[in-house]
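Here the structure is laid out as structure tokens; the discussion comes afterwards.
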Amino acid sequence: MGQGITPGARTPQEQLPSSLPTTKSSAPARSDSLLDSAGRAAGTSEHTNSLLLARHQSRVGDYNSQSTMRHLAAQLAFQRNYRSFSHSQITRLYSRFTSLDKGENGTLSREDFQRIPELAINPLGDRIINAFFPEGEDQVNFRGFMRTLAHFRPIEDNEKSKDQNGPEPLNSRSNKLHFAFRLYDLDKDDKISRDELLQVLRMMVGVNISDEQLGSIADRTIQEADQDGDSAISFTEFVKVLEKVDVEQKMSIRFLH
Amino acid sequence: MQPPTGPALASAPESPPGAAPGSPLLRWQWREVQAPCLVAGWILVASLAKIVFQLSKKVTSVVPESCLLILLGLGLGGIVLAITKRAEYQLEPSMFFLFLLPPIVLDSGYFMPSRLFFDNLGAILTYAVIGTLWNSFATGAALWGVKQAGLMDEGVEAGLMDFLLFGSLISAVDPVAVLAVFEEVHINETLFIIVFGESLLNDAVTVVLYKVFNSFVEMGPAHVQATDYLKGVASFFVVSLGGAAVGLLFAFLLALITRFTKRVRIIEPLFVFLLAYMAYLAAEMVSLSSILAVTFCGICCKKYVEANISRKSRTTVKYTMKTLASSSETVIFMFLGISAVDTSKWAWDTALVLGTLLFILLFRAVGVILQTWVLNHFRLTPLDRIDQVVMSYGGLRGAVAFALVILLDGAKVRAKDYFVATTIVVVFFTVLVQGLTIKPLVKWLKVKRSDHHKPTLNEELHEHAFDHILAAVEDVVGHHGYRYWRDKWEQFDKRYLSQLLMRKSAYRLKDEIWDVYCKLNIRDAISFVDQGGHVLSASRLTLPSMPSRSSMSESSVTNLLRESGSGACLDLQVIDTVRSRRDKEDAVMHHVLRGSLYKPRRRYKASYSRHFISPSTQERQDKEIFQQNMKRRLETFKSTKHNVCSAKSKARLKKDGRKKQKKSAANAELPNGKPPRSVTWQQTAAVLVAVDSDDEESDSSETEKEDDEGIIFIARATDEILQGKKASGSLDVCPSPRIIPPSPTSAEKELPWKGDRGDLAVYISSETTKIVPVDMQTAWKQSISSLESVASPPGAEPGLHAKTLAGPAPEERHVVPEQRTCFQFPNPLLRSSRPQSAGSPERTEQPELQPLMAPDEHGRMSTSAGPSNSRWLIQFNRAARFSDG
Chain W
12 MGQGITPGAR TPQEQLPSSL PTTKSSAPAR SDSLLDSAGR AAGTSEHTNS
62 LLLARHQSRV GDYNSQSTMR HLAAQLAFQR NYRSFSHSQI TRLYSRFTSL
112 DKGENGTLSR EDFQRIPELA INPLGDRIIN AFFPEGEDQV NFRGFMRTLA
162 HFRPIEDNEK SKDQNGPEPL NSRSNKLHFA FRLYDLDKDD KISRDELLQV
212 LRMMVGVNIS DEQLGSIADR TIQEADQDGD SAISFTEFVK VLEKVDVEQK
262 MSIRFLH
Chain H
666 MQPPTGPALA SAPESPPGAA PGSPLLRWQW REVQAPCLVA GWILVASLAK
716 IVFQLSKKVT SVVPESCLLI LLGLGLGGIV LAITKRAEYQ LEPSMFFLFL
766 LPPIVLDSGY FMPSRLFFDN LGAILTYAVI GTLWNSFATG AALWGVKQAG
816 LMDEGVEAGL MDFLLFGSLI SAVDPVAVLA VFEEVHINET LFIIVFGESL
866 LNDAVTVVLY KVFNSFVEMG PAHVQATDYL KGVASFFVVS LGGAAVGLLF
916 AFLLALITRF TKRVRIIEPL FVFLLAYMAY LAAEMVSLSS ILAVTFCGIC
966 CKKYVEANIS RKSRTTVKYT MKTLASSSET VIFMFLGISA VDTSKWAWDT
1016 ALVLGTLLFI LLFRAVGVIL QTWVLNHFRL TPLDRIDQVV MSYGGLRGAV
1066 AFALVILLDG AKVRAKDYFV ATTIVVVFFT VLVQGLTIKP LVKWLKVKRS
1116 DHHKPTLNEE LHEHAFDHIL AAVEDVVGHH GYRYWRDKWE QFDKRYLSQL
1166 LMRKSAYRLK DEIWDVYCKL NIRDAISFVD QGGHVLSASR LTLPSMPSRS
1216 SMSESSVTNL LRESGSGACL DLQVIDTVRS RRDKEDAVMH HVLRGSLYKP
1266 RRRYKASYSR HFISPSTQER QDKEIFQQNM KRRLETFKST KHNVCSAKSK
1316 ARLKKDGRKK QKKSAANAEL PNGKPPRSVT WQQTAAVLVA VDSDDEESDS
1366 SETEKEDDEG IIFIARATDE ILQGKKASGS LDVCPSPRII PPSPTSAEKE
1416 LPWKGDRGDL AVYISSETTK IVPVDMQTAW KQSISSLESV ASPPGAEPGL
1466 HAKTLAGPAP EERHVVPEQR TCFQFPNPLL RSSRPQSAGS PERTEQPELQ
1516 PLMAPDEHGR MSTSAGPSNS RWLIQFNRAA RFSDG
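For the protein sequence lines, the chains are W and H, in the order given. Using our numbering, the first residue of the first sequence is number 12, and each one after it goes up by one. Using our numbering, the first residue of the second sequence is number 666, and each one after it goes up by one.
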């Protein structure tokens, strides 16, 4: 990519607002966005600094060179969110990122994701691809890539006891749940409506189940979760209904070291 | 009374007190019945003891049943010893391995939560293989060291090989003991599956080590060649993999067989037991690991078997299995106690006993900690210290070790008596002391308990979504982890295995989310009855599956469970869910349904295929009605839920109710003489019960509790319809007109519906199911099955499958004669099962909701059916009468 600014490689200031979750009301969403807004407000905070550095590196240097990459990895690792990705994990993920990046412009497009054969047969594949892209964008850079993946990092013991005041890490339970929630919530109104649920159901069940059956499943599901009687599942209700599920485990994967 | 002088058996305490020998009138034939009588007697004693134990909740909440049974065995053994002056009863190894162990292993394999098991397979295998190897060698070597140090009595004549042999049999964690103790502790599932899975899978290691060392001892250590060691290693792989392969083979056979048992429902459950037992025996025969064979047979066949066999068979399998396992377990523990009394085989050596106890505890702990340390590098959720403590402490030894030590050849293993005594002490120590203390320990350590909540639809759905998400993320990351392979397996299973091993009907309907949905519906229906099915006022209805309101119904349900639940709940989830209650509930449901259902006037008759026939106005109307009903139900439900019954909705209900009432007025005068239920208008609403006419699928059902006014059955043949997709070319086969059974009982009214699946099958398209109020189909199944159980003997079931002329399965045709002989309501069935000749597309346009459309329908029906058959005319007249009424 040698020379400069590609569509995805924008300054952090530009990117931060757009990467804010658009959900407005729910607490987890807020905590998610707190992270960024805190960094933005502080301007000179380490967070933003490291970002600036990383971006700078990516703009100026050879993106693929080993040293730059290591530098970038170090910078990324410094950030709170990614601090727990180990160096080797970041290196590994970065090489995966570049191998996916067929355009070699430091960003991934939807096509890059769609080229992954397994995703094509994953019922929720497209939704998940979308989840990698910030609102309204069709490119995702390494930072965004890592940011999405950070949701799936297992929660480690030492993180459980971490200070409560700090921004919630991306791999917290509620952020994991929120990630899943956003897959359902297409219109971003912080509610899973019946239609939205039906769409997901349709993707996930076989063709043997009729629309009527699906409809009754959807109704039933909403009934089960709905507490305020609006015939939709809000994020709070979503969390509530899954409170007995070991989300920490079921929404985590082991990133290789 | 003279008990026989048979080899091993003398007076059983419960054997009938004597009659005079040689009496001319009665002859004392004890000898002939001796063996079975003793068996039955012992089982009876053990079972009675269980009842007695359960009388006191206090005792059983503190002391595990296995401990009580062992103590009881000690007591009984003491009595026998005091009477006969010699120990008569023993836990015979052959009896143990051939009869007592298989049911327990099968039960645990069959009800193994397979997802959990395979999720943790890595850890389980590590502990089972490495852990057991480590334990055996470490214990054996350490004991030998003690011996070398001169701490042991001179009488213990054992070399290194003897100690290793002893180590191999004493170090295996025992599935029976673990199960008995842990099922009362309720630790979290992951921990349980690891300990329990280990205890099952270590059998291969134990068997191999035991055999290898045994042969070494017999050969004499001096003659052991290097190749023998190699053979030992090789035999481990042969024994374990071979055992698993035998299990898989039989699982495959079993699944395949159950695919074709449609007309021999009554012996369906038998196949499960027979094939599993054959697997056990086959593995035993070629000296492979029989426990592995049965375990894998159980795990692997379950999915297909459950899909293939009927609901009643499923219940039968489940309860029979539980009964067998529970009684085996009981007998095992009791006999362990009895065997311990036999001091003639004892030879006590304090150093050996204490050393063994110390070493097995110590090495188990060390092994667990080391392995966990390694495993935690690979596990998503590491096992923490507390888990490790429980795992170390939960390494119970039991009857397997005892049986193995009894099997030793006293001539070759000269220290056998010492080993026997030590084994008994170890078993007693682990079962009694550790079994007693593990519960307080778990409490004290605050080990995460399993939380037995019922699965909700949301959980099922979202967890599915989680799986997909994770699989996708793994793909993005490019790391082919466990989920990747599971995905692959599932695709393979879906594409090949399931197609091969499942009935088409079952295969088509297979969807987990849908399954859960059906289960939930059944549960709702059942708890509805629990709460007093006759109190049908809407304001008192709740949906128990909703977390917010579940407390009340749950408490009643748990009470029920507690009374009926067996001690041996091996499965973590299933027994707590609906199924275990179903039997009981079926009866209740039956009565409720009979009391409150209005019978349909006519069989539901409609075309489901929009490909062939454009939807008639009636059909559309029906659909609308259905949708209205559904809507209303939802509204009713909501108002109930939030305890706000707005005037508006009330008014609407009223209106709808009135409309409905009119329709159902006709129903109310059905000739079964049942008066309509008197209900207030506000509470009335129609209940739609859609029918899946394939009784084998009848495990899912739903009743609509909000409604009271009447129940409109909508018959539909889901399975056959789905099958029919393939057979849709056979349109020339014409559907037979629906026939109302003349007899007044409800069963008669409903059963004939099932006969006409064949008709429906003709008009199949993928869209057919859309028409039908699917969520309600299931209710029909439940009612049908309960009715059936009363109305017809199980053998009659095949008859219900008659008439699937258009169905894809040719074998169904010859059912027709069969049903004549066995079905109890021959008239309607015979008629309906007549080969259909004149198919008319019109038939397919018949409406879904007969009560509404009835008159029109009848008219059409008679025209289409024509005067071809006088009997039909009679039928139509009758039908007309219904509609007039």
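No residue lacks a Cβ here, since even glycine has one placed at the ideal position from N, Cα and C. Small disclaimer: the values here were computed from a predicted structure and weren't measured.
**Request:** Determine the contact status of W:F163 and W:I264, defining contact as a CB-CB distance below 7 angstroms.
**Result:** To locate residue 163 of chain W, count along the first sequence from 1; it is residue 152. To locate residue 264 of chain W, count along the first sequence from 1; it is residue 253. Their beta carbons are under 7 angstroms apart, which means W:F163 touches W:I264 by this criterion.
**Request:** Compute the beta-carbon to beta-carbon distance between H:G963 and H:S731, rounded to the nearest angstrom, for a pair I have assumed lies under 8 angstroms.
**Result:** Position 298 of the second sequence holds residue 963 of chain H. Position 66 of the second sequence holds residue 731 of chain H. Rounded, the Cβ-Cβ distance is 22 angstroms, inconsistent with contact.
**Message:** Let's see if you can read the secondary structure: which residues bound the beta strand (DSSP E) around H:V1112?
**Reply:** Taking the second sequence and counting its residues from 1, the one referred to as residue 1112 of chain H is at position 447. H:V1112 -> no beta strand (DSSP E), and no H or E assigned at all.
**Prompt:** H:L1045 versus chain W: which residues are under 8 angstroms apart at the beta carbon?
**Reply:** Numbered from its first residue, the second sequence carries residue 1045 of chain H at position 380. By Cβ distance, chain W contributes P165, Q260, S263, I264 and R265.
**Prompt:** Going by alpha carbons, who is nearest to H:A711 out of H:L734, H:S726 and H:L691?
**Reply:** The residue labelled residue 711 of chain H in the question sits at position 46 within the second sequence. Minimum Cα distance to H:A711 is reached at H:L734.
**Asked** Using a beta-carbon distance cut-off of less than 9 angstroms, what residues from the segment 128–153 of chain W approach chain H?
**Response** P128, E129, L130, I132, N133, P134, L135, G136, R138, I139, I140, A142 and F143
**Asked** Under the DSSP definition of a beta bridge, which residues are partnered with W:Q150?
**Response** Locating residue 150 of chain W in the first sequence gives position 139, where the first residue counts as 1. Note: W:Q150 sits in a beta bridge opposite W:S120.
**Prompt:** Among all the DSSP beta bridges, which residues are the ones paired with W:K202?
**Reply:** On the first sequence, position 191 is the one that residue 202 of chain W refers to. DSSP lists W:S245 as partners of W:K202.
**Request:** Give the straight-line distance between the Cα atoms of W:A142 and H:L790, rounded to the nearest whole angstrom.
**Result:** Here the question's residue 142 of chain W lines up with position 131 in the first sequence. Here the question's residue 790 of chain H lines up with position 125 in the second sequence. Distance between the alpha carbons of W:A142 and H:L790: 37 angstroms.
**Request:** In the DSSP assignment, find the alpha helix (DSSP H) that holds H:W809 and state where it starts and stops.
**Result:** Within the second sequence, residue 809 of chain H is the residue found at index 144, counting from 1. Its alpha helix (DSSP H) spans residues T797 to Q813.
**Asked** Can you tell me whether DSSP reads H:I956 as helix, strand or coil?
**Response** The sequence position of residue 956 of chain H within the second sequence is 291, counting from 1. Three-state DSSP puts H:I956 in a helix.
**Message:** Under 7 angstroms, CB to CB, which of the residues in the segment 1119–1153 of chain H have a partner in chain W?
**Reply:** T1121, L1122, N1123, E1124, L1126, H1127, E1128, H1129, A1130, F1131, H1133, I1134, L1135, A1136, A1137, V1138, E1139, D1140, V1141, V1142, G1143, H1144 and G1146
**Request:** Could you confirm whether any beta carbon from chain H is found closer than 7 angstroms to the beta carbon of W:V216?
**Result:** Sequence index remark: in the first sequence, residue 216 of chain W carries index 205 (1-based). W:V216 counts as touching chain H.
**Asked** Are the beta-carbon atoms belonging to W:L111 and W:L104 less than 7 angstroms from one another?
**Response** Walking along the first sequence from the start, residue 111 of chain W turns up at place 100. Walking along the first sequence from the start, residue 104 of chain W turns up at place 93. For W:L111 and W:L104, no; Cβs fall outside 7 angstroms.
**Request:** For the alpha helix (DSSP H) containing W:N186, list its first residue and its last residue.
**Result:** Within the first sequence, numbered from 1, the residue matching residue 186 of chain W stands at position 175. Counting along the chain, the alpha helix (DSSP H) containing W:N186 begins and ends at R184 to Y195.
**One or two residues paired with H:I1590 in a DSSP bridge** = Chain H is shown only over 666 to 1550; residue 1590 of chain H falls outside these bounds and no answer can be derived.
**Prompt:** In chain W, which residues lie less than 8 angstroms from H:I1187 when you measure between Cβ atoms?
**Reply:** Here the question's residue 1187 of chain H lines up with position 522 in the second sequence. Simply none; closest approach about 13 angstroms.
**Request:** Answer yes or no: does any C-beta atom of chain H fall closer than 7 angstroms to that of W:T247?
**Result:** The residue labelled residue 247 of chain W in the question sits at position 236 within the first sequence. False, the Cβ-Cβ gap to chain H never drops below 7 angstroms.
**Request:** Specify, as a first and last residue, the run of the alpha helix (DSSP H) that H:I708 falls within.
**Result:** If you number the second sequence from 1, residue 708 of chain H lands on position 43. Counting along the chain, the alpha helix (DSSP H) containing H:I708 begins and ends at W695 to L720.
**Prompt:** Mind pulling the chain H residues with CB within less than 9 angstroms of W:R107?
**Reply:** As a first step, residue 107 of chain W is located in the first sequence; it is residue number 96 there, counting from the start. Within chain H, the residues near W:R107 are V1141, V1142, G1143 and H1144.
**Proximal residues of chain W, C-beta to C-beta of H:Y1631 below 7 angstroms** = No answer is possible for residue 1631 of chain H: it lies beyond the span of chain H, which begins at 666 and ends at 1550.
**Prompt:** Three-state secondary structure (DSSP) at W:F144?
**Reply:** In the first sequence, the residue the question calls residue 144 of chain W occupies position 133. Residue state, collapsed to three classes: coil.
**Request:** Mind checking which residues open and close the alpha helix (DSSP H) that includes H:A823?
**Result:** As a working note, residue 823 of chain H is residue 158 in the second sequence. Segment: none, H:A823 is in no alpha helix (DSSP H) and carries neither H nor E.
**Asked** Exposed or buried, what is W:F249 when buried is set at 16 or more other beta-carbons lying within 10 Å of its beta-carbon?
**Response** As a first step, residue 249 of chain W must be located in the first sequence, where it is residue number 238. Result: buried.
**Request:** Go ahead and pull the three-state DSSP assignment for H:Y754.
**Result:** Counting from one through the second sequence, the residue named residue 754 of chain H turns up at place 89. H:Y754 falls in the coil class under three-state DSSP.
**Item:** Beta-carbon spacing of W:L212, W:L197 below 7 angstroms
**Value:** Numbered from its first residue, the first sequence carries residue 212 of chain W at position 201. Numbered from its first residue, the first sequence carries residue 197 of chain W at position 186. Cβ distance not < 7 angstroms, so W:L212 and W:L197 don't count as in contact.
**Asked** Which of helix, strand or coil does DSSP assign to H:V873?
**Response** For the purposes of this step, residue 873 of chain H is taken as residue 208 along the second sequence, with counting starting at 1. In the structure shown, H:V873 sits in a helix (DSSP, three-state: H, G or I).
**Prompt:** Is the beta carbon of H:H663 sitting closer than 7 angstroms to the one on W:L253?
**Reply:** Outside the shown range of chain H (666 to 1550) lies residue 663 of chain H, about which nothing can therefore be said.
**Request:** Would you mind listing the alpha helix (DSSP H) stretches within the segment 916–981 of chain H that are 4+ residues and don't spill past its ends, in chain order?
**Result:** 933–950 and 955–973
**Where H:H1042 sits in the DSSP three-state scheme** = Taking the first residue of the second sequence as position 1, residue 1042 of chain H is located at position 377. Correct three-state label for H:H1042: coil.
**Prompt:** Does the beta carbon of H:I1051 come closer than 7 angstroms to any beta carbon on chain W?
**Reply:** Along the second sequence, read from residue 1 onward, the residue named residue 1051 of chain H stands at position 386. Not one chain W Cβ lies under 7 angstroms of H:I1051.
**Item:** Extent of the continuous alpha helix (DSSP H) run through H:S836
**Value:** Reading the second sequence from its first residue, position 171 is the one you call residue 836 of chain H. Run containing H:S836: none; DSSP gives neither H nor E here.
**Message:** For the alpha helix (DSSP H) containing H:M1056, name the first residue and the last one.
**Reply:** Numbered from its first residue, the second sequence carries residue 1056 of chain H at position 391. Run containing H:M1056: R1050 to Y1058, per the alpha helix (DSSP H) assignment.
**Asked** Closer than 7 angstroms, CB to CB, is W:A191 near chain H or not?
**Response** The residue you call residue 191 of chain W lines up with position 180 of the first sequence. Answer yes: the Cβ-Cβ gap between W:A191 and chain H drops below 7 angstroms somewhere.
**Prompt:** Is the distance from the Cβ of H:L953 to the Cβ of H:G912 below 7 angstroms?
**Reply:** As a working note, residue 953 of chain H is residue 288 in the second sequence. As a working note, residue 912 of chain H is residue 247 in the second sequence. No.
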